[in-house]
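Chemist:
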Amino acid sequence: MTDRIALDALNRLDDAGFVAALGGVFENAPWVAEAVLPGRPYGSLAFLHAAMSAAVRDAPAERRLALLRGHPDLAGKAARAGAMTDESKAEQAGAGLDRLTEAEYDRFHELNAAYQAKFGFPFIVCVRRHGKESILRSFERRLAHTPEQELAAALEEVLRIGALRIDQKVTAADRLPLAGRLSTHVLDTHRGRPAAGVEIELFELWGEERRPVARGVTNADGRTDAPLISGRPVPIARYELRFGLGDYFAGLGVALADPPFLDVVPIRFAVGEPEGHYHVPLLATPWGYTTYRGS
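Quick note, the working numbering runs 5 ahead of the 1-based positions in the sequence shown.
(1) Compare the Cα-Cα distances from SER188 to each of THR176, VAL222, PRO182 and report the closest residue.
(2) What first and last residue would you give for the alpha helix (DSSP H) that runs through VAL163?
(3) Check GLY256 in the structure and name its three-state DSSP category.
(4) Tell me whether the beta-carbon of ALA80 lies closer than 8 Å to the beta-carbon of TYR110.
(5) Hey, how far is the Cα of ASP174 from the Cα of LEU27?
(6) Run through DSSP, which three-state label would LEU270 get?
(7) Would you check if the distance between the CB atom of ALA200 and the CB atom of VAL191 is smaller than 8 Å?
(8) Could you name each continuous alpha helix (DSSP H) segment of 4 residues or more that falls completely within the segment 17–91, going from the start of the chain to the end?
(9) Which whole-angstrom value is the C-beta distance of GLU153 and PHE208, which I expect to be below 8 Å?
(10) Considering only their Cβ atoms, is the gap separating PHE31 from VAL163 smaller than 8 Å?
(11) Could you tell me the boundaries of the beta strand (DSSP E) in which ALA100 lies?
(12) Hey, how far is the Cα of PHE113 from the Cα of VAL218?
(13) Between TYR283 and chain B, is there a C-beta pair that is closer than 8 Å?
(14) If you draw a straight line from the C-alpha of MET6 to the C-alpha of GLU92, how long is it?
(15) Find out if the Cβ-Cβ distance for the pair LYS137, ALA98 is shorter than 8 Å.
(16) For the beta strand (DSSP E) that LEU148 lies in, which residues bound it at each end?
(17) Take GLY29 as the anchor and find which of GLY75, PRO127, PHE124, ARG243 has the nearest alpha-carbon.
(18) Would you kindly work out how many angstroms separate the C-alpha atoms of PHE43 and ARG68, rounded to a whole number?
(19) In its own chain, which residues sit with a C-beta less than 8 Å from the C-beta of ALA184, not counting the 5 before and 5 after it?
(20) Using DSSP with H/G/I as helix, E/B as strand and the rest coil, what is ARG180?
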């Protein structure tokens, strides 16, 4: 990923510099950046994004189709060979598509082939909004679309990808409304106060596998110092939060059984709104706990 540039500095670049700075926002399609040159200076990230999106939507059908065909297959041969743009490499790796089993690679290969045969361009999804299982479900669901439905769906995913890339590349006073948040806190209802010093781990679930996402320790307010996920979409996926309650209560000198009734407490939940605000707290004693979805 290239270094970030301030919007004011971007507006001051010459034409070649402007296109070079934004040329990777849409995969292998610098013509989108060229199309918005006359609109400078842009006063906000929202205006820049709207202009680039309009350039894509208003382009001739042949050019839009070429844009779709310029995307790599998900977990395809180009991905395994490393023959993709830096942006696509980072995005696919972030979704774990560079760490698939051979059986999973074979499944993606089958789906890619079926999709290409039906629609004539690669399957495109904004992988930063999805976990691996969600990507596969989307793949299978969209294979049932008509060509007209899928062309529209693919273009919307291209615009989502472009928006996230703009937001990563350009700093401005405004931000695009792309980020979700996942947070937690622990309330010690045995003592009636926040639980400080509880070790917390967050995993994304892949079948029976667990992929580490974040970890932390609660502070004096019973919260982690920063949200477990923030500043980006929260991928559509199943998750597990693990709370080290046994060590926490033992550290307070609470009389516990040996072994303690509650040791590491897991809470499994799912995220379906990547831009949503999810708060998954734990209210706990040494002998029981409860949770709920907050915001």
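Each residue gets a CB set at the ideal place from its N, CA and C atoms; glycine is no exception. Here the structure is a predicted model, which is why all the values come from computation and not from measurement.
Modeler: Well, looking at it:
(1) Taking the Cα of SER188 as reference, the smallest distance to any Cα among THR176, VAL222, PRO182 is reached at VAL222.
(2) Run containing VAL163: 152–174, per the alpha helix (DSSP H) assignment.
(3) For GLY256, the three-state secondary structure derived from DSSP is helix.
(4) Less than 8 Å separates the beta-carbon of ALA80 from that of TYR110.
(5) One point to set straight first is that residue 174 is Lys, not Asp, in the sequence displayed. Their backbone Cα atoms lie some 8 Å apart in a straight line.
(6) A small correction: the amino acid at residue 270 is Val; Leu does not occupy that position in the sequence shown. The answer is strand: DSSP assigns VAL270 an E or B state.
(7) At the C-beta level, ALA200 and VAL191 come within 8 Å of one another.
(8) As far as the segment 17–91 is concerned, its whole alpha helix (DSSP H) runs of at least 4 residues are 20–27, 36–40, 50–63, 66–74, 82–86.
(9) Wrong, their Cβ atoms sit about 39 Å apart, outside the cutoff.
(10) Result yes, Cβ atoms of VAL163 and PHE31 sit closer than 8 Å.
(11) That residue, ALA100, is in no beta strand (DSSP E); it is neither H nor E in DSSP.
(12) About 23 Å.
(13) Of the chains in the structure shown, none is chain B; there is only one protein chain.
(14) Low local confidence applies: a pLDDT of 45 at MET6 is under 50, so the model's placement there is unreliable, and no value is given.
(15) No.
(16) That residue, LEU148, is in no beta strand (DSSP E); it is neither H nor E in DSSP.
(17) Of the candidates GLY75, PRO127, PHE124, ARG243, the one whose C-alpha sits nearest the C-alpha of GLY29 is GLY75.
(18) Reading off the sequence, residue 43 comes out as Pro, not Phe. If I take the Cα positions, the gap works out to 20 Å.
(19) Sequence-distant Cβ neighbours of ALA184 in its own chain, meaning closer than 8 Å and more than five residues away, are SER235, GLY236, ARG237, PRO238, GLU280.
(20) Here ARG180 sits in coil by DSSP.
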